[in-house]
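Okay, structure first, notes after.
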Amino acid sequence: MPPLPPAFYAQDVEEAARALIGVDLTVDGVGGTIVETEAYDVADPASHSFAGVSARNAAMFGAVGHAYVYRIYGLHHCLNIVCGSPGSAVLIRAIEPRHGLPRMQERRGIDRPLRQLCAGPGRLCAALAIDLALDGAQLNAPPFRLITPERHAPIVTGPRIGITKATDRPRRFCMQDSPWLSRPVSNSLAASQHN
DNA sequence: GACCGGATGTACT
DNA sequence: GTACATCCGGTCG
Numbered sequence: 065m066p067p068l069p070p071a072f073y074a075q076d077v078e079e080a081a082r083a084l085i086g087v088d089l090t091v092d093g094v095g096g097t098i099v100e101t102e103a104y105d106v107a108d109p110a111s112h113s114f115a116g117v118s119a120r121n122a123a124m125f126g127a128v129g130h131a132y133v134y135r136i137y138g139l140h141h142c143l144n145i146v147c148g149s150p151g152s153a154v155l156i157r158a159i160e161p162r163h164g165l166p167r168m169q170e171r172r173g174i175d176r177p178l179r180q181l182c183a184g185p186g187r188l189c190a191a192l193a194i195d196l197a198l199d200g201a202q203l204n205a206p207p208f209r210l211i212t213p214e215r216h217a218p219i220v221t222g223p224r225i226g227i228t229k230a231t232d233r234p235r236r237f238c239m240q241d242s243p244w245l246s247r248p249v250s251n252s253l254a255a256s257q258h259n
């Protein structure tokens, strides 16, 4: 159960987004297995880094292996992992909850269906108590912990969610048949592939 | 300095 | 399926 090596974060952002599927992610011991990611980079009109460096997206242009956390729609947070070339990051969209379920339920509401605990970028940030205080934080140090998966599960790709630009690019990566996704992968555009 | 719209989630109908 | 909460960065004046 080794942590992700520093070199992991240096690889191309699309490869990193694929390789992050199956990784165990915890914040202060609370978290689970990453099952859904999306890749973004500077050449991408849908990326926050597309327009260049700013106060908000500075972490995207910083060292790899750090977190880029931002607030969206005024109330939610989203967690990205800075990977590859400057201005690139992987959005973590869903995890399978495995560690610290009571604490997640406490944060998200005890009567909420387990399936919806971490299914969505805003939901998982709420469950793991991720907010702007963790923007720019190192991922190979507390409170973060990322563990290399023992074996890679089949991965399905599809178009990204909730964006209006560059929607044709299949840069969303999901663990095949996972019940913990924010949304199923649309059949017509899905392409199955292995690591 | 104002305005716009977003990598969303929830509570309704 | 639709409304709405609620903030900030980017853009244009």
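So the first sequence is numbered by the working numbering: it starts at 65 and just counts up by one. Yeah, the Cβ is synthetic: ideal placement off N, Cα and C, and Gly gets one too.
Legend entry - PHE208, DSSP secondary structure in three states: Three-state result, PHE208: strand.
Legend entry - Same chain, Cβ closer than 7 Å to VAL117, neighbours up to 5 away in sequence not counted: Only PHE125 meet the Cβ criterion.
Legend entry - Bridge-paired residues (DSSP) for VAL263: This structure cannot speak to residue 263, because the chain is shown only from 65 to 259.
Inset, instruction - Would you check if the distance between the CB atom of CYS238 and the CB atom of ILE219 is smaller than 8 Å? - result: It is a contact, given that the beta carbons lie within the stated cut-off.
Inset, instruction - Sort GLY86, TYR137, GLN240 by Cα distance to PRO213 and report the nearest one. - result: Nearest C-alpha to PRO213: GLY86.
Legend entry - Alpha-carbon spacing of PRO234 relative to ASP88, whole angstroms: CA-CA distance, PRO234 to ASP88, rounds to 24 Å.
Inset, instruction - Please classify TYR137: is it buried, with 16 or more other beta-carbons within 10 angstroms of its beta-carbon, or exposed? - result: Exposed is the call here.
Inset, instruction - Could you tell me which of ASP92, ALA193, SER246 sits nearest to ALA158, measuring between CA atoms? - result: Nearest of ASP92, ALA193, SER246 to ALA158, Cα basis: SER246.
Legend entry - DSSP-derived helix/strand/coil call for PHE125: Of the three classes helix, strand and coil, the one that applies to PHE125 here is helix, per DSSP.
Inset, instruction - State the DSSP-derived secondary structure class of ARG233, mapped to helix, strand or coil. - result: ARG233 falls in the coil class under three-state DSSP.
Inset, instruction - Kindly list the residues whose CB is nearer than 8 Å to the CB of ARG162, restricted to its own chain and excluding five residues on each side of it in sequence; keep chain order. - result: So the qualifying residues of the chain are ASP88, GLY95, GLY96, THR97.
Legend entry - When MET168, LEU196, ASP195, ALA197 are compared against ALA183, the one with the closest alpha-carbon: Looking at MET168, LEU196, ASP195, ALA197, the one whose alpha-carbon comes closest to that of ALA183 is MET168.
Inset, instruction - Inspect the beta-carbon positions of ILE156 and LEU165 and report whether they are closer than 8 Å. - result: Going by C-beta atoms, ILE156 is not nearer than 8 Å to LEU165.
Legend entry - MET65 in three-state terms, based on DSSP: Looking at MET65 - three-state DSSP - the assignment turns out to be coil, as it is neither helix nor strand.
Inset, instruction - Within 10 angstroms of the Cβ of ASN259, are there 16 or more other Cβ atoms? Answer buried if so, exposed if not. - result: Any reading at ASN259 needs caution, since the residue's pLDDT is 45, under 50, leaving its predicted position unreliable; the model's value is listed next. By the neighbour-count definition (other C-beta atoms within 10 Å, threshold 16), ASN259 is an exposed residue.
Legend entry - CYS147 versus GLY226, TYR134, LEU84, GLU100, residue with shortest Cα-Cα distance: The candidate whose alpha carbon is nearest that of CYS147 is LEU84.
Legend entry - Whole-angstrom distance between VAL154 and THR90, CA atom to CA atom: Rounded to whole angstroms, THR90 to VAL154 spans 16 Å at the Cα level.
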